[in-house]
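K.L.:
In full-length UniProt numbering, the protein residues as written are 1 to 453.
Even for Gly, the Cβ is constructed at its ideal location relative to N, Cα and C.
This structure is a prediction, so every number in the text was calculated from the model and none was measured.
After the structure tokens below, expect a handful of questions from me.
Next comes the structure, spelled out in structure tokens:
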């Protein structure tokens, strides 16, 4: 019996060793595709999305990026279409190159008319998100109104979402908020009304690192197919196709790790992290000012007095809004989340995103911040938890992961007491600045207020 016990102990130890061996390494490119990543929960941080012990959600608001599209026009015209055309005109015998043999029969998944359109999987995933939110908040009433910017892809995302959250989608009014350039903060696309914002921001910085990370890849591919003359843009286009083809066809050969390695994918991801950092993140002076109006309007809406028997807009339990990829990162900045220097007091945040090498320990990761259907939630909680005062608290979740608000904590889980939130909002307003002032609004009727709710 004693000998058997020893054998059992050794067997368990051996099992434990195997489970932690280097061979257990796994890598999923689909979780490192930045803005072209299919919807997923990054668990960043790995906090429990269920309400904290003793807490119930009484109201909630969501800001949601549109669902998966065939491709956006810039990605298609700048990278994908040139690569596809180059592929069509080459005489390379791909079948003789094992890792790239699929190119001998591969057909592009995107046509010009489909650019910016929702994919079938995108519509399904938006519907599923509606179901998920309905199941998550079973005690809350289905909203009578939801809001969306006016682009076709955001409107259709809202429509698909309605099919999931409601028993009858026709019971929900979809309010379309015009994507105007002169609406300043009173919009779900406020960056369009911000003269200080440029859609090309971050291109120079990300382009610098793109050349660095793609250099060994182009050398490797050109050793296999010198006649094709792979370029940095080709590699980037292939990486984009991994995401877009997956949300169109369900999978893509470009995602195979025999084509691009984990190291290659981490380079692609970091290139995008730099792009969004300087475009809509902490590297752009106006980002927080662009995102704060939604933060301020949402907290104040959830804090307002509510008649639970009324169907009026101001008395809804749930507020859901749909937008484009540019707004969520600015809201992240306004909230102070995913900040590389949040707890360090560093006075050079740009230094945390070097352009010559990857900062593997960064908090700012675009794949966690803005995959398709990325969503930022603010929940109002009524709590009576062990060790905390009974009362009203709020917490923020990003893609189903509760987040700590820097300088606004102390409640159950990652929540913050209502009276503390009010002071924190004032502090954040000072940090990020006024939309009108920071953006340099030079047209009439400029405002710092989002008033659509």
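Within the stretch 306 to 345, note down every full alpha helix (DSSP H) run reaching 4 residues or more, in order along the chain.
P.N.:
327 to 335
K.L.:
Give me the Cα-Cα distance between residue 75 and residue 165, rounded to the nearest whole angstrom.
P.N.:
As a working mapping, residue 75 is identified with position 75 in the chain shown. As a working mapping, residue 165 is identified with position 165 in the chain shown. C-alpha separation (whole angstroms): 32 Å.
K.L.:
Whether or not the stretch 33 to 44 and the stretch 361 to 369 are in contact is what I'm after, with contact meaning three or more pairs of Cβ atoms, one per stretch, closer than 8 Å; do they touch?
P.N.:
yes
K.L.:
Looking only at its chain, what residues have a beta carbon closer than 7 Å to the beta carbon of residue 350, apart from the 5 residues adjacent to it on each side?
P.N.:
Mapped onto the chain shown, residue 350 falls at position 350. Contacts found: 283.
K.L.:
Just mark residue 7 as buried or exposed, buried being the case when its beta carbon has 16 or more other beta carbons within 10 Å.
P.N.:
Locating residue 7 in the chain shown gives position 7, counting from the first residue. Below a pLDDT of 50, predicted positions are generally treated as unreliable, and residue 7, at 44, falls in that range; the measurement from the model is reported next regardless. Per the 10 Å Cβ criterion, exposed.
K.L.:
DSSP on residue 449, reduced to helix/strand/coil?
P.N.:
Here residue 449 is taken as the residue at index 449 of the chain shown, counted from 1. Looking at residue 449 - three-state DSSP - the assignment turns out to be coil, as it is neither helix nor strand.
K.L.:
What span of residues does the beta strand (DSSP E) with residue 373 cover, start to end?
P.N.:
Stepping through the chain shown from its first residue, residue 373 is reached at position 373. Here residue 373 belongs to no beta strand (DSSP E), and DSSP marks it neither H nor E.
K.L.:
How close, in whole Å, do the beta carbons of residue 379 and residue 64 come, if the pair is a contact with beta carbons under 8 Å?
P.N.:
Taking the chain shown and counting its residues from 1, one reaches residue 379 at position 379. Taking the chain shown and counting its residues from 1, one reaches residue 64 at position 64. Between residue 64 and residue 379 the Cβ distance is about 15 Å, and since that is not below 8 Å, they are no contact.
K.L.:
If you count every other CB in all the chains shown that lies within 10 Å of the CB of residue 10, and 16 or more means buried, which is it?
P.N.:
In the chain shown, the residue the question calls residue 10 occupies position 10. Any answer about residue 10 is weak, because its pLDDT of 45 lies below 50 and its placement is not dependable; what the coordinates show is given next. Exposed is the call here.
K.L.:
Which residues in the same chain have their Cβ closer than 6 Å to the Cβ of residue 206, if we skip the five residues on either side of it in sequence?
P.N.:
Working through the chain shown from its first residue, we reach residue 206 at position 206. So the qualifying residues of the chain are 271, 274 and 275.
K.L.:
Of the residues 322, 337 and 214, which one's Cα is nearest the Cα of residue 374?
P.N.:
Mapped onto the chain shown, residue 374 falls at position 374. Of 322, 337 and 214, the residue nearest in Cα terms is 322.
K.L.:
Going by DSSP, which residues form a beta bridge with residue 405?
P.N.:
Within the chain shown, numbered from 1, the residue matching residue 405 stands at position 405. Answer by DSSP bridge pairing, in chain order: 408.
K.L.:
With a cut-off of 8 Å on the beta carbons, I'd call residue 335 and residue 295 a contact; round off their distance for me.
P.N.:
Walking along the chain shown from the start, residue 335 turns up at place 335. Walking along the chain shown from the start, residue 295 turns up at place 295. That pair is a contact at about 6 Å.
K.L.:
Do the stretch 152 to 167 and the stretch 129 to 136 make contact, defined as three or more Cβ pairs closer than 8 Å?
P.N.:
yes
K.L.:
Please list the terminal residues of the continuous beta strand (DSSP E) segment that includes residue 391.
P.N.:
What you label residue 391 is simply residue 391 of the chain shown in a count that begins at 1. Run containing residue 391: 391 to 398, per the beta strand (DSSP E) assignment.
K.L.:
CB-CB under 8 Å to residue 140, same chain, minus the five flanking residues each way: which ones, in chain order?
P.N.:
Here residue 140 is taken as the residue at index 140 of the chain shown, counted from 1. These residues qualify, in order along the chain: 57, 58, 59, 60, 317 and 318.
K.L.:
Which partner residues of residue 173 appear in the DSSP bridge assignment?
P.N.:
Along the chain shown, one-based indexing puts residue 173 at 173. Residue 173 is bridged to 145.
K.L.:
How about the stretch 185 to 195 and the stretch 430 to 443: do they share at least three Cβ pairs that are nearer than 8 Å?
P.N.:
yes
K.L.:
Strictly under 9 Å for the Cβ-Cβ distance: is residue 67 near chain C by that measure?
P.N.:
This model lacks chain C altogether, as it is built from one protein chain only.
K.L.:
How is residue 97 classed by DSSP in three states: helix, strand or coil?
P.N.:
The residue labelled residue 97 in the question sits at position 97 within the chain shown. It is coil, neither helix nor strand.
K.L.:
Taking Cβ positions, are residue 402 and residue 54 nearer each other than 9 Å?
P.N.:
Within the chain shown, the letter at position 402 stands for residue 402. Within the chain shown, the letter at position 54 stands for residue 54. Taking 9 Å as the Cβ cut-off, residue 402 and residue 54 do not qualify as a contacting pair.
K.L.:
Which two residues bound the contiguous alpha helix (DSSP H) that contains residue 126?
P.N.:
If you number the chain shown from 1, residue 126 lands on position 126. That run of the alpha helix (DSSP H) goes 120 to 136.
K.L.:
Below 8 Å, can you find three or more Cβ-Cβ pairs linking the stretch 261 to 269 to the stretch 112 to 119?
P.N.:
no
K.L.:
Which one of 97, 312 and 73 has the shortest CA to CA distance from residue 145?
P.N.:
Here residue 145 corresponds to residue number 145 of the chain shown, with the count starting at 1. Closest in C-alpha terms to residue 145, from the list 97, 312 and 73, comes 312.
K.L.:
Measuring only the C-alpha atoms, how far is residue 257 from residue 216?
P.N.:
Taking the chain shown and counting its residues from 1, the one referred to as residue 257 is at position 257. Taking the chain shown and counting its residues from 1, the one referred to as residue 216 is at position 216. Taking the straight line from one Cα to the other gives about 16 Å.
K.L.:
Could you tell me which residues DSSP puts in a beta bridge with residue 383?
P.N.:
Taking the chain shown and counting its residues from 1, one reaches residue 383 at position 383. Paired residue(s): 55 and 391.
K.L.:
With a cut-off of 8 Å on the beta carbons, I'd call residue 69 and residue 153 a contact; round off their distance for me.
P.N.:
Locating residue 69 in the chain shown gives position 69, counting from the first residue. Locating residue 153 in the chain shown gives position 153, counting from the first residue. Confirmed, Cβ separation roughly 6 Å.
K.L.:
For a minimum of 4 consecutive residues, which ranges assigned as the alpha helix (DSSP H) are wholly contained in the stretch 188 to 240?
P.N.:
List check, alpha helix (DSSP H) in window: 203 to 224.
K.L.:
Note down the Cα distance separating residue 17 from residue 226, rounded to an integer number of angstroms.
P.N.:
Within the chain shown, residue 17 is the residue found at index 17, counting from 1. Within the chain shown, residue 226 is the residue found at index 226, counting from 1. Residue placement at residue 17 is flagged as unreliable, the pLDDT there being 45, under the threshold of 50; the coordinate-derived value follows with that caveat. Answer to the nearest angstrom: the Cα atoms are 44 Å apart.
K.L.:
Please classify residue 80: does DSSP put it in a helix, a strand, or coil?
P.N.:
Mapped onto the chain shown, residue 80 falls at position 80. In the structure shown, residue 80 sits in a helix (DSSP, three-state: H, G or I).
K.L.:
Just how far apart, CA to CA, sit residue 249 and residue 106?
P.N.:
In the chain shown, residue 249 corresponds to position 249, counting from 1. In the chain shown, residue 106 corresponds to position 106, counting from 1. Computed Cα separation, rounded: 12 Å.
K.L.:
Taking 8 Å as the line, does the beta carbon of residue 282 fall inside it for any heavy atom of the ligand FMN?
P.N.:
With respect to the ligand FMN, the structure shown offers nothing to examine, as it has no ligands at all.
K.L.:
If you draw a straight line from the C-alpha of residue 462 to the C-alpha of residue 85, how long is it?
P.N.:
The requested residue 462 is not part of the displayed model; the chain covers only 1 to 453.
K.L.:
How long is the line joining the alpha carbons of residue 385 and residue 426, rounded to whole angstroms?
P.N.:
Taking the chain shown and counting its residues from 1, one reaches residue 385 at position 385. Taking the chain shown and counting its residues from 1, one reaches residue 426 at position 426. Straight-line Cα distance between these residues: approximately 27 Å.
K.L.:
In or out: residue 210 buried (at least 16 other Cβ within 10 Å) or exposed?
P.N.:
Position 210 of the chain shown, counted from the first residue, corresponds to residue 210. The residue is buried, with at least 16 neighbouring Cβ atoms inside 10 Å.
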